[in-house]
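Worksheet: the structure to be examined is printed underneath.
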Amino acid sequence: MQLSHLDDKGNAHMVDVGNKPITARMAVAQAEIAMQPETLAMICNGKIPKGDVFSCARIAGIMAAKRTFELIPMCHPLPIDAVTIEFETQAPARVLVKATLRCDWKTGIEMEALTAASVAALAVYDMCKAVDRGMVIQNICLLEKAGGKSGHFVREAEKTE
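The structure is reproduced here in structure tokens:
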């Protein structure tokens, strides 16, 4: 398999999507933040000194999705139709961030979903670092993508033993 961002001489270049058809695209990405149980309790009870953690992180994720092409070399600017950022608290000490993005365009929206989930997780860290500098952002991954030539992808559930 040849990488699409390299030409026949091995030089990096932006992929020409000019002749590709516009299709419906969707991507879902996730990031996880592990923290102290007390930190999660403070978030859930609205006791973080900087304010509403999830509202701030949601805005950060949306803003990041819209600016992905400025952050990741070779990404095309996309006409993003929808961004949803969801948070799931998992006791005793974990938050899952899920970013779902949709657009109708010539190229995929996976990088925007991954960027949105990552930056939303970073915003959670920033909002809570005064009370818990030991938080860990981990397991950033694409959960699902649909549309385009490569078709539908769904990450298989991790096996736990």
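Residues are numbered in the numbering used here as their position in the sequence shown, beginning at 1, plus a constant of 225. Heads up, the beta-carbon is just placed ideally off N, CA and C, and yes, glycines get one too. From a predicted model like this one, the values you see are computed outputs, not experimental measurements.
Measure the CB-CB distance between residue i and residue j and report whether it falls below 8 Å.
i           : j           : result
residue 266 : residue 340 : no
residue 242 : residue 324 : no
residue 392 : residue 259 : The question about residue 392 has no answer, for the chain in this structure spans 226 to 386.
residue 336 : residue 300 : yes
residue 344 : residue 273 : no
residue 251 : residue 327 : yes
residue 248 : residue 372 : yes
residue 352 : residue 256 : no
residue 307 : residue 348 : no
Terminal residues of the continuous beta strand (DSSP E) containing residue i?
i           : result
residue 370 : 361 to 371
DSSP has residue i in a bridge; who is on the other side?
i           : result
residue 397 : Residue 397 lies beyond the residue range present for the chain, which begins at 226 and ends at 386; the question has no answer from this structure.
What are the start and end residues of the alpha helix (DSSP H) that includes residue i?
i           : result
residue 260 : Element bounds for residue 260: n/a, residue is neither H nor E.
Taking all protein chains shown into account, decide if residue i is buried (16 or more other Cβ within 10 angstroms of its Cβ) or exposed.
i           : result
residue 354 : exposed
residue 303 : buried
residue 346 : buried
Shorter than 7 Å, the distance from the beta carbon of residue i to the closest heavy atom of the ligand FAD, or not?
i           : result
residue 362 : With respect to the ligand FAD, the structure shown offers nothing to examine, as it has no ligands at all.
At what residue ranges does the segment 263 to 322 contain a whole run of the beta strand (DSSP E), taking only runs of 3 or more? 305 to 315
Taking the runs of the alpha helix (DSSP H) that are 4 residues or longer, which of them lie wholly in the segment 331 to 358? 335 to 353
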